[in-house]
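Q: Heads up: the sequence shown at position 246 corresponds to 255 in this note's numbering, and the numbers run straight through without jumps.
Just so you know, even glycine gets a beta-carbon here, dropped at the ideal spot from N, CA and C.
From a predicted model like this one, the values you see are computed outputs, not experimental measurements.
My questions all concern the structure below.
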Amino acid sequence: MSYTGDGRLPVIYVRGFAGGRGGINDAVADPFYGFNEGSVQVRVVDSARPQFHQFESPLLRLMIDHEYQLLVEGNQATYLQTRGDGDVPAATIWVHRFYDDYSTELVTDAPAFSIESASQKLFEMVQLVRRRTGAPRVFLVAHSMGGLVVRGMLQRVIPDALGPDGRPLVASDLVDRVFTYATPHGGIEFDVGFGLLEKLRDTLGVQGADIFGPRRMREYLTPASATEPEGGFDATVLPDGSFPRERFFCLVGTNASDYDVALGLSARAVGPRSDGLVQIDNAYIDKAPRAFVHRSHSGRYGIVNSEEGYQNLRRFLFGDLEVTADLTGLRLPGTRDDDTVWQLESQMSIRGLPVVLHEQSAAHLCPIQIERPRTTDDVARPVPLVRTYLWSKASRPQDPRTGAPSTTMRHVLRLRLLSLRKSGGLLSFLDHLEQAEDWSDVLVVDIEISQDAQPRAWAEWGSRVEGALRDWKPDPGATLPLTDEEDAPGVWRACVGVPEAARPLLGAGAAVTIQVQGRATLDRAGRV
10 MSYTGDGRLP VIYVRGFAGG RGGINDAVAD PFYGFNEGSV QVRVVDSARP QFHQFESPLL
70 RLMIDHEYQL LVEGNQATYL QTRGDGDVPA ATIWVHRFYD DYSTELVTDA PAFSIESASQ
130 KLFEMVQLVR RRTGAPRVFL VAHSMGGLVV RGMLQRVIPD ALGPDGRPLV ASDLVDRVFT
190 YATPHGGIEF DVGFGLLEKL RDTLGVQGAD IFGPRRMREY LTPASATEPE GGFDATVLPD
250 GSFPRERFFC LVGTNASDYD VALGLSARAV GPRSDGLVQI DNAYIDKAPR AFVHRSHSGR
310 YGIVNSEEGY QNLRRFLFGD LEVTADLTGL RLPGTRDDDT VWQLESQMSI RGLPVVLHEQ
370 SAAHLCPIQI ERPRTTDDVA RPVPLVRTYL WSKASRPQDP RTGAPSTTMR HVLRLRLLSL
430 RKSGGLLSFL DHLEQAEDWS DVLVVDIEIS QDAQPRAWAE WGSRVEGALR DWKPDPGATL
490 PLTDEEDAPG VWRACVGVPE AARPLLGAGA AVTIQVQGRA TLDRAGRV
């Protein structure tokens with residue numbers, strides 16, 4: 010029953026903050042700590058009566074789509090403890106029920122919650138799951154504060170621990186990938202109170218919420234042997250050597266209005282540029298992969314119980330291709346000091362999915378701010394657009410030419426450039442046209458993977474496609490694929506120039522640069 014090497018490593022879920030004792034008692038009443046919650050959304054179709062899209066829950070979808078098992082038999086912890094090493098299937102889902110030790114419903118004289126203890130017990134659970142399943146590593150999936158419990162293990166518990174041979178442990182020898190939903194990696198800050206609310210919280214520790222302040226975060230995210238980093242402690246930075254950033258994904262919510270905890274007072278205090286509890290800029294780790302989705306921190310429109318969240322999760326855990334897209338060679342008109350503000354909106358969809366996987370827009374208060382070169386001689390910085398993951402085993406539609414499943418994976422990137430003018434430091438609307446973009450287009454990209462050759466890709470701008478985008482089909486026999494411009498083995502890269510009509514605005518050399526490379530779990534990549 011031990012791990013078969015198919016990439017389906019054990020999944021351990023770590024839930025978020027429950028609050029005080031009453032919230033903890035409510036949390037422990039849920040057998041799977043919320044990973045089993047789904048949602049229903051209304052979708053408009055071709056009739057007056059709307060249809061409903063039912064999302065079953067990430068727990069059920071992992072079981073349905075990837076054939077994971079949920080082993081309980083009364084108590085997951087007891088189940089693991091009573092099995093022998095290598096006796097448990099690796100493709101299994103486990104819940105780190107750390108709040109059980111702090112619930113007055115389950116424990117007599119329950120102590121106050123300790124995030125350090127939760128991280129330590131997660132470490133013990135990871136070790137136990139690895140032994141029982143024979144898996145070399147695990148996947149960690151966490152919501153909100155659960156991501157800080159995970160980071161406490163990666164950054165503090167593991168560096169301070171020793172292996173059986175007496176040598177320091179390495180986090181990437183135990184954990185393969187980490188996925189966080191709406192985790193306050195930079196803490197929780199408020200948009201009101203001029204810092205007074207944060208000081209009161211951190212001083213009084215109301216319901217244990219001081220764990221979201223800088224002093225406590227530094228304590229549980231820093232190993233005992235560490236020295237003060239240059240420039241001071243920054244909670245959004247994953248220290249070098251602690252865990253590979255490329256294996257840590259942050260899903261960021263941008264919908265504050267539908268977070269109704271405390272009758273909406275939380276969302277008002279944190280501000281609109283948030284998911285209702287965590288501000289956007291605090292919800293990701295610096296230089297780590299991330300995506301933005303228009304979901305709330307939790308609730309009916311929550312980020313965990315959403316199709317958007319699940320599709321990002323499964324592709325990060327199991328996707329065998331990493332695709333990045335940058336806008337390169339951008340040369341906008343004017344100068345850095347001409348009081349014009351340029352914003353770029355990006356949206357990424359994958360064929361066959363009913364949701365958008367990534368969206369940064371002005372309407373959601375998170376457009377990409379364009380930084381222009383200081384001088385005309387400076388090289389324009391690439392503008393990161395999206396970093397996503399494709400799964401070559403995903404189902405595909407039939408090719409109308411052959412009747413067989415399409416050989417390509419398709420994703421569509423929508424771009425929209427807007428400009429605003431400032432006068433005296435304030436926005437000027439004298440010549441403003443609301444909702445009128447300076448440029449917009451969609452880029453359709455098809456990627457074909459072969460076991461025996463480099464990837465091939467075709468791309469076309471929507472403004473050049475005649476008819477519906479879904480009907481555009483590159484003919485591999487007649488249409489030349491994009492030219493690979495990367496010499497490094499295992500990496501494919503190509504540039505798609507912007508349409509000719511857009512070049513006077515974006516620059517003669519403006520292009521979307523696409524890079525594709527294979528990825529696998531560490532054991533399948535050659536490192537056991």
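Count the C-beta pairs between the region 315-333 and the region 515-530 that are closer than 8 Å, then say yes if the count reaches three, no if not.
A: Segments in contact, yes.
Q: So for K208, helix, strand or coil by DSSP?
A: helix
Q: If we require 4 or more residues per run, which alpha helix (DSSP H) segments fall completely within the region 112-143?
A: 124-142
Q: Give me, in chain order, the residues of the same chain whose beta-carbon lies closer than 6 Å to that of F122; leave out the 5 immediate sequence neighbours on both sides.
A: Y111, G217
Q: Just reading off the alpha helix (DSSP H) that F325 is part of, what are its end residues?
A: 316-327
Q: DSSP three-state label for I379, please.
A: coil
Q: For H373, count neighbouring C-beta atoms within 10 Å of its own C-beta (all shown protein chains included) and say buried if the count is 16 or more, exposed if not.
A: buried
Q: Alpha carbons only, please: which of Q352, V500, L79 is nearest the one belonging to A466?
A: Across the set Q352, V500, L79, the C-alpha of V500 shows the shortest separation from the C-alpha of A466.
Q: Would you mind working out which of Q407, P406, V350, E317 sits nearest P363, comparing C-alpha positions?
A: E317
Q: For the alpha helix (DSSP H) containing I359, name the first residue and the last one.
A: Here I359 belongs to no alpha helix (DSSP H); instead the beta strand (DSSP E) covers 349-359.
Q: Per DSSP, P414 is paired with what?
A: Residue pairing of P414 in beta bridges, as defined by DSSP: Q407.
Q: Less than 8 Å separating the beta-carbons of W470 and D447?
A: no
Q: Suppose contacts are defined by Cβ-Cβ distances below 8 Å. Is F61 in contact with R186 by that definition?
A: No. Outside cutoff.
Q: Give, in chain order, every unbroken run of the alpha helix (DSSP H) that is at least 4 residues long and sits entirely within the region 244-319.
A: 274-279
Q: Using CA atoms only, rank isn't needed, just tell me which of E125, T416, G204 is closest to K402.
A: T416
Q: If distances are taken between C-alpha atoms only, which option among A497, V453, M418 comes closest to S459?
A: Considering only alpha carbons, the answer is M418.
Q: What are the uninterrupted segments assigned as alpha helix (DSSP H) that are 4 or more residues long and contained completely in the region 462-528, given in chain order?
A: For the region 462-528, whole alpha helix (DSSP H) runs of length 4 or above, ordered along the chain, are 512-515.
Q: As a quick exercise: from Q378, Q352, L422, pick the residue whose alpha carbon is nearest that of R360.
A: L422
Q: Alpha carbon to alpha carbon, what distance is there between P483 and L489?
A: The alpha-carbon atoms of L489 and P483 are separated by roughly 9 Å.
Q: Round the Cβ separation of G47 and F64 to the nearest angstrom and send it over; I've been treating them as touching at under 8 Å.
A: 5 Å
Q: Give every residue of the same chain whose Cβ lies closer than 6 Å to the Cβ of V302, excluding the five residues on either side of it in the sequence, and list them in chain order.
A: E317
Q: Would you check if there are 3 or more beta carbon pairs closer than 8 Å linking the region 99-107 to the region 204-223?
A: no
Q: Over what stretch of residues does the alpha helix (DSSP H) that includes R90 continue unbroken?
A: The displayed chain sequence assigns Gln, not Arg, to residue 90. Taken as a continuous stretch (DSSP letters only), the alpha helix (DSSP H) holding Q90 covers 85-90.
Q: Given the structure, does R396 come close to the ligand PLP, in the sense that its CB is under 7 Å from one of the ligand's heavy atoms?
A: Absence of the ligand PLP is noted for the structure shown, with no ligands found whatsoever.
Q: Between D455, R70, D249, S305, which lies nearest to P406 when the distance is taken from Cα to Cα?
A: D455
Q: Taking G262 and D284 to be in contact with their CB atoms under 8 Å, please state how far apart those CB atoms are, rounded to whole angstroms.
A: A Cβ-Cβ separation of about 3 Å places G262 in contact with D284 under the 8 Å criterion.
Q: For a quick check, are the C-beta atoms of A99 and L149 less than 8 Å apart?
A: no
Q: Do I220 and I294 have their CB atoms nearer than 8 Å?
A: no
Q: With E368 as the anchor, note down where its beta strand (DSSP E) starts and where it stops.
A: It spans 367-369 - the beta strand (DSSP E) in which E368 sits, taken as one unbroken run.
Q: Less than 8 Å between the beta carbons of T142 and Y12, yes or no?
A: The answer is yes: Cβ separation under 8 Å.
Q: For H194, which of helix, strand or coil comes out of DSSP?
A: coil
Q: Distance, Cα to Cα, R160 vs G328?
A: 23 Å
Q: Taking the C-alpha atoms as reference points, what is the distance between P414 and D480?
A: If you take the alpha carbons of P414 and D480, they lie about 15 Å apart.
Q: Rounded to the nearest angstrom, what separates P193 and L515 at their Cα positions?
A: C-alpha of P193 to C-alpha of L515: approximately 36 Å in a straight line.
Q: Exposed or buried, which one is P298 when buried takes at least 16 other CB atoms within 10 Å?
A: buried
Q: According to DSSP, is V158 helix, strand or coil?
A: helix
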